[in-house]
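*Asks:*
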Amino acid sequence: MAVHVRCAKCGHRFEADDSAIGQVARCPQCGHRIIIIPPSNRKPEPNTTPSSIIKTQSTSRWHRPTVWIAFCAVIAIALVFGVFLFNRPTPPVPSASLPGKDHASSQSTAVKDPVPIDKAKSPDLSSLRDFALVARQIRTGFSEGITFNDLDEKQIRLRDAYALMDRQALPTSLVCKAEDAFRKVRELREAWLKNMHSDAFSSAPPILLAEPEMSIAGTALDSFLAEYDRSKSR
């Protein structure tokens, strides 16, 4: 007759021959040594499944005095820290003091004086001085009378002064008017020289034949000199 045996360690159930009663057998699953006893003498075994063991251990852990002591210590520390934060004194707010000698001196040192803004500097017209001088002489010659030799000599001086002009230091509008005046005077000289070698030289003076170019050059010189005088007066 077979005897039903249950392993006390892993809970595995297996059968053993009744001839093995009183002897030691091993559990076929975990190898635990078990004494085979008759069914009538076997006491009911408690429920020791792994889940119940874990539940028993987890519930019995809270019954340990050390766990309760640690829990109470954490609660006490949290309460003390909360009371400290709640009763911490706030920093005093500085009251506004009446204006006095010290207060005025501190304000005078804290507030800086505004930096004065420099006025717009007048343009440097030094490189254009000789050009303007010769241009004025040519314009006066147009009104009072000018010969070709005089125009030719002044046009050469105007060319040299034009080459020394510093365009970076001068206003753009003034540079453009100076270039236009120089170009118109050069065109007047070329037209006058061309008329001197033409067949019409015997019938009319060369100055009359170049009158349109002289009028255009005079307008360009007037425009340049007016702009130069305005820039100089700033």
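Quick note on numbering: the sequence shown equals residues -16 to 217 in the numbering used here. From the three backbone atoms N, C-alpha and C, an ideal C-beta is built for every residue, glycine too.
#1: Determine the direct distance from the alpha carbon of residue 163 to that of residue 148, and round the result to whole angstroms.
#2: Using a Cβ-Cβ cutoff of less than 7 Å, which residues in the same chain neighbour residue 215 once the five nearest sequence positions on both sides are dropped?
#3: Kindly list the residues whose CB is nearer than 7 Å to the CB of residue 21, restricted to its own chain and excluding five residues on each side of it in sequence; keep chain order.
#4: Could you tell me the alpha carbon to alpha carbon distance between residue 132 and residue 157, rounded to whole angstroms?
#5: Using C-beta distances below 8 Å, list every residue in its chain close to residue -5, excluding the 5 sequence neighbours before and after it, in chain order.
#6: What's the C-alpha gap between residue 166 and residue 178?
#7: In the structure shown, what three-state DSSP assignment does residue 118 receive?
#8: Determine the extent of the beta strand (DSSP E) in which residue 0 is found, giving its start and end residues.
#9: Please state whether DSSP places residue -15 in a helix, a strand or coil.
#10: If you follow the alpha helix (DSSP H) that residue 217 is in, where does it begin and where does it stop?
#11: Any idea which residues DSSP pairs residue 8 with across the strands?
#12: Hey, residue 171 and residue 197: beta-carbon distance below 7 Å or not?
#13: Might you give, ordered along the chain, the residues of its own chain that have their beta carbon closer than 8 Å to the beta carbon of residue 201, omitting 5 neighbours on each side?
#14: Rounded to a whole number of angstroms, what is the C-alpha to C-alpha distance between residue 0 and residue 48?
#15: For residue -8, report the span of its alpha helix (DSSP H) as first-last.
#16: How should residue 136 be labelled, buried or exposed, when 16 other C-beta atoms within 10 angstroms of its C-beta is the threshold for buried?
#17: Use the C-beta contact count for residue 80: other C-beta atoms within 10 angstroms, 16 or more gives buried, fewer gives exposed.
#18: Between residue 185 and the rest of its own chain, which residues show a CB-CB distance below 7 Å, the 5 nearest in sequence each way excluded?
#19: Straight-line CA distance for residue 128 to residue 153?
#20: Let me know if residue 117 comes out buried or exposed under the rule of 16 or more other beta-carbons within 10 Å of its beta-carbon.
#21: How about residue 160 and residue 110: are their beta carbons less than 7 Å apart?
#22: Considering only residues of the same chain and omitting the five flanking positions on each side of residue 255, which have a CB-CB separation below 7 Å?
#23: Round the Cβ separation of residue 59 and residue 17 to the nearest angstrom and send it over; I've been treating them as touching at under 8 Å.
#24: Tell me the residue span of the alpha helix (DSSP H) that contains residue 129.
*Replies:* Judging by the given coordinates:
#1: By one-based count along the sequence shown, residue 148 stands at place 165. By one-based count along the sequence shown, residue 163 stands at place 180. About 14 Å.
#2: Taking the sequence shown and counting its residues from 1, one reaches residue 215 at position 232. Excluding sequence neighbours, residue 215 sits near 108.
#3: The sequence position of residue 21 within the sequence shown is 38, counting from 1. So the list reads 4, once near-sequence residues are dropped.
#4: Residue numbering aside, residue 132 sits at position 149 when the sequence shown is read from its first letter. Residue numbering aside, residue 157 sits at position 174 when the sequence shown is read from its first letter. Whole-angstrom Cα-Cα distance: 28 Å.
#5: Position 12 of the sequence shown holds residue -5. Closer than 8 Å at Cβ, skipping near neighbours: -11, 10, 11, 12, 13.
#6: The residue you call residue 166 lines up with position 183 of the sequence shown. The residue you call residue 178 lines up with position 195 of the sequence shown. Rounded to whole angstroms, residue 166 to residue 178 spans 19 Å at the Cα level.
#7: Here residue 118 refers to the residue found at position 135 when the sequence shown is read from its first residue. DSSP places residue 118 in helix when its eight states are reduced to three.
#8: Along the sequence shown, one-based indexing puts residue 0 at 17. From DSSP, the beta strand (DSSP E) with residue 0 extends over -4 to 0.
#9: The sequence position of residue -15 within the sequence shown is 2, counting from 1. Here residue -15 sits in strand by DSSP.
#10: For the purposes of this step, residue 217 is taken as the residue at position 234 of the sequence shown. Premise fails: residue 217 is in no alpha helix (DSSP H) and is neither H nor E.
#11: Within the sequence shown, numbered from 1, the residue matching residue 8 stands at position 25. Its beta-bridge partners are 17.
#12: Within the sequence shown, numbered from 1, the residue matching residue 171 stands at position 188. Within the sequence shown, numbered from 1, the residue matching residue 197 stands at position 214. Yes, Cβ-Cβ distance for residue 171 and residue 197 is below 7 Å.
#13: Residue numbering aside, residue 201 sits at position 218 when the sequence shown is read from its first letter. Around residue 201: 122, 125.
#14: Counting from one through the sequence shown, the residue named residue 0 turns up at place 17. Counting from one through the sequence shown, the residue named residue 48 turns up at place 65. Going by the C-alpha atoms only, they are around 49 Å apart.
#15: For the purposes of this step, residue -8 is taken as residue 9 along the sequence shown, with counting starting at 1. The continuous stretches of alpha helix (DSSP H) do not include residue -8, and DSSP gives it neither H nor E.
#16: Within the sequence shown, the letter at position 153 stands for residue 136. The residue in question, residue 136, is exposed, as its Cβ has fewer than 16 Cβ neighbours within 10 Å.
#17: Indexing the sequence shown from 1 puts residue 80 at position 97. Residue confidence for residue 80 is low, a pLDDT of 49 falling below 50, so the modelled location carries little weight; the figure read from the coordinates is stated next. Around the beta-carbon of residue 80, fewer than 16 other beta-carbon atoms lie within 10 Å, marking it exposed.
#18: Locating residue 185 in the sequence shown gives position 202, counting from the first residue. In this prediction, residue 185 has a pLDDT of 46, which is less than 50 and means its spatial position is unreliable; what the coordinates show is noted afterwards. Closer than 7 Å at the Cβ level, and outside the excluded window around residue 185, lies no residue.
#19: As a first step, residue 128 must be located in the sequence shown, where it is residue number 145. As a first step, residue 153 must be located in the sequence shown, where it is residue number 170. When rounded, the distance between both Cα atoms is 32 Å.
#20: Within the sequence shown, residue 117 is the residue found at index 134, counting from 1. Residue 117 sits buried, since 16 or more C-beta atoms from the chains shown fall within 10 Å of its C-beta.
#21: For this step, residue 160 is matched to residue 177 along the sequence shown. For this step, residue 110 is matched to residue 127 along the sequence shown. For residue 160 and residue 110, no; Cβs fall outside 7 Å.
#22: For the chain, the structure presents residues -16 to 217; residue 255 sits outside this window and is missing.
#23: Working through the sequence shown from its first residue, we reach residue 59 at position 76. Working through the sequence shown from its first residue, we reach residue 17 at position 34. About 51 Å separates the two Cβ atoms, so there is no contact after all.
#24: Working through the sequence shown from its first residue, we reach residue 129 at position 146. For residue 129, there is no enclosing alpha helix (DSSP H), as DSSP gives it neither H nor E.
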